[in-house]
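Peer 1:
Residue numbers (the working numbering): -5 to 271.
(1) Mind checking residue 264: buried by the 16 CB within 10 Å criterion, or exposed?
(2) Does DSSP classify residue 12 as helix, strand or coil?
(3) With three or more beta-carbon pairs closer than 8 Å as the criterion, would you say the region 205 to 222 touches the region 155 to 174?
(4) Looking at residue 269 and residue 146, is the spacing between their C-beta atoms short of 8 Å?
(5) Quick one: what's residue 237 bridged to in DSSP?
(6) Taking only three categories from DSSP, how would you classify residue 249?
(7) Use the C-beta contact count for residue 244: other C-beta atoms within 10 angstroms, 16 or more gives buried, fewer gives exposed.
(8) Using three-state DSSP, classify residue 217 as helix, strand or coil.
(9) Find out if the Cβ-Cβ distance for the pair residue 162, residue 29 is shorter than 8 Å.
(10) By Cβ distance, which residues of its chain are closer than 6 Å to residue 164, with the 5 residues on each side in sequence left out?
(11) Using a Cβ-Cβ cutoff of less than 7 Å, which residues in the same chain neighbour residue 43 once the five nearest sequence positions on both sides are dropped?
(12) Does the region 240 to 256 come within contact of the region 185 to 201, defined as at least 3 CB pairs closer than 8 Å?
(13) Name the residue from 8, 234, 247 and 150 whose alpha carbon lies nearest to the alpha carbon of residue 90.
(14) Identify whether residue 261 lies in helix, strand or coil by the three-state DSSP scheme.
(15) Using a threshold of 8 Å, state whether the C-beta atoms of residue 124 and residue 142 are closer than that.
(16) Where does residue 126 fall in DSSP's three states?
(17) Which ranges would you report for the beta strand (DSSP E) in the region 162 to 206 if only whole runs of at least 3 residues count?
(18) Would residue 215 be called buried (16 or more neighbouring beta carbons within 10 Å of its own) or exposed?
(19) Helix, strand or coil for residue 254, going by three-state DSSP, please let me know.
(20) Which first and last residues belong to the beta strand (DSSP E) in which residue 102 is found?
(21) Taking only the alpha-carbon atoms, compute the straight-line gap between residue 18 and residue 260 and give it to the nearest angstrom.
(22) Taking just the CA atoms, how far does residue 234 sit from residue 101?
Structure, rendered in C-alpha cells:
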C-alpha cells in the first residue's frame, strides 16, 4: 500500500476524525446509520462488505501508528476513496476517550435495513431464520448474529424492542457478522411472527418449559427459531400460539444464556435440515 495514503493525526480535536471522538458517549446517543468497527476481525468483515454491492460501506479508518505495517494487506482491500488516518497511542486514546488497546477503528455506514415484509419475501424457499424478541443486551444481540452466521441462518429478525445490532459492542461480539447476515428490526413480536407464519414458516419458540425437546424436531422447509430476553423469556401468548421447544439442561438451572441457547438450537435445526456439511 502506498505510504502517502496514510494521513497522520497529531491533534485529538482534528475535525477530520470527529466521528471517532468520545466513542462511548456517542454509542449511547445513536449514530444515525453510522457505526464503529473495532478490531482486525471486524475490519476484515467491513472490507469484504465494502467491496460488495450491498448496503454496507466503509467511510474512514483510524489506526494506531505502530500497527500499520502489520495491517498493510488489510488496508489495501479498501478502495482509495476511504481515508486512512494514523495516530500515536496517546493521541488515539485521547480521541476515543479510553485506552484503545486494539488500535484499530473504522467508521462505516449501513443503508436502512429492509422492510420486514420485503426481507421475508426475499428469503429462499428453504429457509432458516432466527427471531429475537425484547433482547436489550448488546452482547446477546452480537451472539445471535454470530450464531446465525455460523449455523447458516438466512436472516435475523428483531422486534422493535431489541437493541440496535450496529452498536459497537454488538458488532464486536458478532465478529462482524452483523455486516453479513441480512436483518430487519421492526414491529412488535406478534407482527414479526405473524408475517412469518403467513409465508409458511414453522415457528418454534424456545423456552425451558417448551413442549418438544429441540433434538426431536423434524423441521420442514421453512423454520423460524424464536428467542426471548433472559429472565422473563417469551410472553405466554407467543408460547401458546406457536410450537414451543426446550433444550434439556441440569435440574434447578433457570435457563441458558440467550447466546448459548440460540447456538444449540440453530445447530440442532440446521443439522436436521441438512444445512451443515
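For glycine and all other residues, C-beta sits at the position ideal for the given N, C-alpha and C.
Peer 2: Put simply:
(1) What you label residue 264 is simply residue 270 of the chain shown in a count that begins at 1. Classification for residue 264: buried.
(2) Numbered from its first residue, the chain shown carries residue 12 at position 18. Correct three-state label for residue 12: helix.
(3) no
(4) One-based indexing of the chain shown puts residue 146 at position 152. One-based indexing of the chain shown puts residue 269 at position 275. With contacts defined as CB atoms closer than 8 Å, residue 146 and residue 269 qualify as a contacting pair.
(5) Position 243 of the chain shown, counted from the first residue, corresponds to residue 237. In the DSSP output, where bridge partners are listed per residue, residue 237 has 198.
(6) For the purposes of this step, residue 249 is identified with residue 255 of the chain shown, where counting begins at 1. Collapsing the DSSP output to three states places residue 249 in coil.
(7) Taking the chain shown and counting its residues from 1, the one referred to as residue 244 is at position 250. Burial call: exposed.
(8) Within the chain shown, the letter at position 223 stands for residue 217. Three-state DSSP puts residue 217 in a strand.
(9) Numbered from its first residue, the chain shown carries residue 162 at position 168. Numbered from its first residue, the chain shown carries residue 29 at position 35. Yes, these two residues count as a Cβ contact at 8 Å.
(10) Counting from 1 along the chain shown, the entry for residue 164 is found at position 170. Once the five neighbours on either side are set aside, the close Cβ partners of residue 164 are 132, 135 and 136.
(11) Taking the chain shown and counting its residues from 1, the one referred to as residue 43 is at position 49. Contacts found: 50, 173 and 174.
(12) Result yes; three or more Cβ-Cβ pairs closer than 8 Å.
(13) In the chain shown, counting from the first residue as 1, residue 90 sits at position 96. Comparing Cα positions, the closest option is 8.
(14) For this step, residue 261 is matched to residue 267 along the chain shown. Helix.
(15) Position 130 of the chain shown, counted from the start, is the residue given in the question as residue 124. Position 148 of the chain shown, counted from the start, is the residue given in the question as residue 142. It is a contact, given that the beta carbons lie within the stated cut-off.
(16) Mapped onto the chain shown, residue 126 falls at position 132. Strand, per DSSP.
(17) Within the region 162 to 206, complete beta strand (DSSP E) segments of at least 3 residues are found at 177 to 179 and 196 to 200, given in chain order.
(18) The residue you call residue 215 lines up with position 221 of the chain shown. Counting Cβ neighbours within 10 Å, residue 215 comes out exposed, since fewer than 16 surround it.
(19) Along the chain shown, one-based indexing puts residue 254 at 260. Here residue 254 sits in helix by DSSP.
(20) Position 108 of the chain shown, counted from the first residue, corresponds to residue 102. Here the beta strand (DSSP E) through residue 102 covers 98 to 104.
(21) For this step, residue 18 is matched to residue 24 along the chain shown. For this step, residue 260 is matched to residue 266 along the chain shown. Approximately 32 Å, taken between the alpha carbons.
(22) Residue numbering aside, residue 101 sits at position 107 when the chain shown is read from its first letter. Residue numbering aside, residue 234 sits at position 240 when the chain shown is read from its first letter. Looking at the two C-alpha atoms, the distance is approximately 43 Å.
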